[in-house]
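> Numbered per this note's numbering, the sequence shown spans residues 57 to 201.
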Amino acid sequence: MGRLRVFYKLLFALLLLPLAFTASAEQKEQLGDWDVHYIVVNSTFFSPEIARQYGVVRSKYNALVNISVLNSDTQQAQTVSMQGTATNLLGTEKKLNFKKVQEGEAIYYLAVFSFRHEETYRFNIEIRRGNTVENLKFQQKMYVD
């Protein structure tokens, strides 16, 4: 019951993100047969309890990348492997180490990286399942809360 409660808190928090962070709105891309949902938020948005549960170090200089991959037809969560980078405009590259989190039928891939205030990052993320490989690319400016 406790895990389900924490899941619902996390889900509720993610649903409130568009209201709380105009610069950090959820994005969605259709890549092949997948709907890929992604969001990047400051790690301080999460309560200490939720951050601890998912192994996220809360800091105003840490951001959390959250990605979920769904089958476009069935909307069923997909188990994939994921690797990627976040590169600032000066070319400094940070490797993103994704951790798989499964709560019931939902699957999320989380990665934490550090940033400086008003730093823009280009994200390049390779998503792989079997022989299928798709690349998610997006850019976002980060802000310290």
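Even glycine gets a Cβ: it sits at the ideal position worked out from N, Cα and C.
For Ser99, which three-state DSSP category applies?
helix
> Would you kindly check if the distance between the Cβ of Leu192 and the Cβ of Leu126 is under 9 Å?
no
> Tell me the DSSP secondary structure of Gln109 in three-state form.
helix
> In the DSSP assignment, what residue or residues form a beta bridge with Asn149?
The sequence given here has Glu at residue 149, not Asn. For Glu149, which the question treats as bridged, DSSP gives the partners Thr143.
> State whether the segment 116–133 contacts the segment 165–182, with contact taken as three or more CB pairs (one from each stretch) at a distance under 8 Å.
Under the Cβ criterion (8 Å, minimum of three pairs), the segment 116–133 counts as touching the segment 165–182.
> CA-CA distance, Asp201 and Ala133?
Cα to Cα, the separation comes out at about 31 Å.
> Grab the span of the beta strand (DSSP E) containing Val168 for me, first residue to last.
Element bounds for Val168: Ala162 to Ser170.
> Would you report the Cα separation of Arg172 and Lys84, rounded to the nearest angstrom?
25 Å
> Closer than 7 Å by C-beta to Glu190: which residues in its own chain qualify, once you throw out the five before and the five after it? Chain order, please.
Leu87, Gly88, Trp90 and Ile183
> Suppose contacts are defined by Cβ-Cβ distances below 9 Å. Is Leu152 in contact with Thr141 by that definition?
The answer is yes: Cβ separation under 9 Å.
> Classify Asn98: buried if its beta carbon has 16 or more other beta carbons within 10 angstroms, exposed otherwise.
buried
> Does the distance from the CB of Ile181 to the CB of Met138 come in under 9 Å?
yes
> Does Val96 pass the burial test, meaning 16 or more other C-beta atoms within 10 Å, or should it be called exposed?
buried
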